[in-house]
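Sequence order for the protein chains is A and B. For any residue, its number in the numbering used here is found by taking its place in the first sequence, counting from 1, and adding 6. For any residue, its number in the numbering used here is found by taking its place in the second sequence, counting from 1, and adding 613. Even for Gly, the Cβ is constructed at its ideal location relative to N, Cα and C. This structure is a prediction, so every number in the text was calculated from the model and none was measured. The structure appears below as structure tokens.
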Amino acid sequence: FCDQIIIFNFFLDK
Amino acid sequence: MFEARLVEGSLLKKVMESIKDLLNEASWDCSGNGMCLQAMDSSHVALVSLMLKSDGFENYRCDRSISLGINLASMSKILKCASNDDIITIRAEDDADAITFMFESPKQDRVSDYEMKLMNLDTEHLGIPDTEYACVIKMPSGEFSRICRDLSVLGDSVIICCTKDGVRFSAKGDLGNGNIKLAQSANVDKEEEAVVVDMREAVTLTFSLRYLNFFTKAAPLSSQVSLSMSEDVPLMVEYKINDKEGDSKGYVRYYLAPKIED
Chain A
7 FCDQIIIFNF FLDK
Chain B
614 MFEARLVEGS LLKKVMESIK DLLNEASWDC SGNGMCLQAM DSSHVALVSL MLKSDGFENY
674 RCDRSISLGI NLASMSKILK CASNDDIITI RAEDDADAIT FMFESPKQDR VSDYEMKLMN
734 LDTEHLGIPD TEYACVIKMP SGEFSRICRD LSVLGDSVII CCTKDGVRFS AKGDLGNGNI
794 KLAQSANVDK EEEAVVVDMR EAVTLTFSLR YLNFFTKAAP LSSQVSLSMS EDVPLMVEYK
854 INDKEGDSKG YVRYYLAPKI ED
């Protein structure tokens, strides 16, 4: 079973 | 005043088909460079970054940068009213609360226009860092669509393992498991049929097939797709937008955060 990471964790708020 | 005229209007229809199932609403940011769109899906798992270059349009006028908030399902419905060989013109006045789409038949004997209300969207823009990926896989877009569709029969996730020998896509579930191995093409007459792996180091990552199947809706835009991967960063799936002559008009890029072992 795998957990889905959200994309927020990788990209920076501009 | 913003106005953009695209003779190969079917390209815009295909672009809308490639994002409408993933995104509900988004802003088209129009500037002198072209039309850009960046948005996350509602679960914040995937990010779409789309570019239509200004020089890809036959006429392009953008007096000042504007952001057009669009309900994408509505825009997609309106673009379905255009025939595949229609010329499409998009027009918006500065500070307007509506956008106009004009569809002209190739012989100019049928002209229709549709006005659509714009939305006020409070959009978040994310900075996408330039990344040197450990692996870049280029393959026919139809092949990638088929792999995602076939492996969805078995499970919710696909493990993509990229080594110097080629790429392996694997899925498992209650039914059993499946593997699809693609070798690098040795000699291919047609570039669009090639599988090419550019690898710095081997990578194995797991992704949701549900999202990858959304991404494959862009396959009609391009005969080739590229998958860029590095450990612990989002996968980038890129479809270049080329016209009939093969000239670049922009791209659709999807970013998908990986899944990790629970």
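Please name the residue, chosen from the options, that lies closest to residue i on a Cα-to-Cα basis.
i, options, result
"residue 619/B", "747/B, 829/B, 717/B and 770/B", "717/B"
"residue 828/B", "755/B, 703/B, 647/B and 791/B", "755/B"
"residue 759/B", "826/B, 744/B, 737/B and 708/B", "826/B"
"residue 858/B", "800/B, 679/B, 834/B and 699/B", "834/B"
"residue 667/B", "860/B, 707/B, 769/B and 741/B", "860/B"
"residue 614/B", "636/B, 660/B, 831/B and 680/B", "680/B"
"residue 791/B", "771/B, 776/B, 778/B and 802/B", "771/B"
"residue 854/B", "743/B, 802/B and 837/B", "837/B"
"residue 868/B", "649/B, 654/B and 648/B", "654/B"
"residue 700/B", "640/B, 621/B and 831/B", "621/B"
"residue 670/B", "623/B, 696/B, 677/B and 709/B", "623/B"
"residue 848/B", "742/B, 723/B and 738/B", "742/B"
"residue 673/B", "685/B, 695/B and 702/B", "702/B"
Determine the chain A residues that contact residue i at a beta-carbon separation under 8 Å, and present them in chain order.
i, result
"residue 872/B", "8, 9, 10 and 11"
"residue 846/B", "16"
"residue 667/B", "None at all; the shortest Cβ gap to chain A is about 22 Å."
Residue i touches chain A at which residues, Cβ-Cβ below 7 Å?
i, result
"residue 864/B", "Neighbours of residue 864/B on chain A: none; closest Cβ ~17 Å, over 7 Å."
"residue 868/B", "13"
"residue 940/B", "Nothing can be reported for residue 940/B: it is not among the residues displayed for chain B, which extend from 614 to 875."
"residue 741/B", "17"
Could you tell me whether the Cβ of residue i comes closer than 8 Å to any Cβ of chain A?
i, result
"residue 842/B", "no"
"residue 746/B", "no"
"residue 680/B", "no"
"residue 655/B", "no"
"residue 766/B", "no"
"residue 753/B", "no"
"residue 839/B", "no"
"residue 689/B", "no"
"residue 662/B", "no"
"residue 877/B", "Outside the modelled stretch of chain B, which goes from 614 to 875, sits residue 877/B, for which no answer is possible."
Confirm, please, whether the CB-CB distance from residue j to residue i is below 8 Å.
i, j, result
"residue 765/B", "residue 822/B", "yes"
"residue 631/B", "residue 865/B", "yes"
"residue 727/B", "residue 691/B", "yes"
"residue 12/A", "residue 639/B", "no"
"residue 767/B", "residue 785/B", "yes"
"residue 17/A", "residue 660/B", "yes"
Just checking: is the beta-carbon of residue i within a distance shorter than 8 Å of some beta-carbon in chain C?
i, result
"residue 631/B", "Note that chain C does not occur in the displayed structure, where the protein chains are A and B."
Length at least 3, wholly inside the segment 749 to 820 of chain B: the beta strand (DSSP E) runs in chain order: 770 to 776, 779 to 786, 789 to 796 and 809 to 812
Entirely within the segment 682 to 753 of chain B and at least 3 residues each: give me those beta strand (DSSP E) ranges in chain order. 700 to 705, 711 to 717, 724 to 730 and 748 to 753
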